[in-house]
Amino acid sequence: MATTTRAADRRQKRVEYDAFLAVCPSRQLLDRISNKWVVLILCALGDTPADGPAPRTMRYSELSRLLAGVSQKMLTQTLRALERDGLLTRTVTPTVPVTVTYRLTDLGLSLHTMTRAIRDWAQEHMDDVLAHRAEHDEPAG
4 MATTTRAADR RQKRVEYDAF LAVCPSRQLL DRISNKWVVL ILCALGDTPA
54 DGPAPRTMRY SELSRLLAGV SQKMLTQTLR ALERDGLLTR TVTPTVPVTV
104 TYRLTDLGLS LHTMTRAIRD WAQEHMDDVL AHRAEHDEPA G
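Each residue of the sequence shown is one higher than the one before, counting from 4 in the working numbering.
Below, the structure written as structure tokens:
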């Protein structure tokens, strides 16, 4: 019986991923990254601050203020899920009070590029979409 290395097993499984199949685990990841709060968190953490080229590190309260309309529960759940998926890191600094910051990992930065493009597209084309919606919803006459 031939044995394979873990790396070979991962490569084989990667080849087998097909999001069009109902049983494909990549669908779970698509569900996660298509969430509006995930997109906005990745954009917030990935956009570089004015004072440097590196992505920003943000505290929970900064994210909460920036993401208008997100509940505390939703923000906490989303940050935990992104940490679990390896897209961001959570750092606890033992100060009084404790300081908790979030920063994108390299994996998160690679996804940020795409989520930023989606956010930019939505902002740029919103007027067109609203016009099409109004035209579509107009009663036939």
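Don't be surprised by glycine CBs; every beta carbon is placed ideally from N, CA and C. Bear in mind that the values here come from a model prediction, so they are computed numbers and not experimental data.
Counting every other CB atom within 10 Å of its CB across the protein chains shown gives Leu33 a total below 16, marking it as exposed. Per the C-alpha coordinates, the member of Val99, Ala134 and Ile44 positioned closest to Arg83 is Ile44. Taking Arg122 as the centre and dropping the five residues before and after it, the same chain places the C-beta of Val42, Leu43 and Cys46 closer than 8 angstroms to its C-beta, in chain order. Bridge pairing for Leu91: Leu107 [DSSP].
With contacts defined as CB atoms closer than 8 angstroms, Trp40 and Thr79 fail to qualify as a contacting pair. Judged by DSSP in its simplified three-state form, Thr102 adopts strand. Within the model, the alpha-carbon separation for Arg9 versus Leu110 is close to 20 angstroms.
C-alpha of Leu69 to C-alpha of Tyr63: approximately 10 angstroms in a straight line.
Following the DSSP letters along the chain, one finds Tyr63 inside the alpha helix (DSSP H) bounded by residues Tyr63 to Leu69. Rounded to whole angstroms, the separation of the alpha carbons of Glu65 and Pro100 is 15 angstroms. Within the same chain, Arg93 come within 6 angstroms of Glu86 by CB-CB distance, once the 5 residues on both sides are set aside. Of the residues assessed, Tyr20 falls on the exposed side of the cut-off, its CB having fewer than 16 other CB atoms within 10 angstroms. Boundaries for Val26: no alpha helix (DSSP H) harbours it, and the DSSP string shows neither H nor E there.
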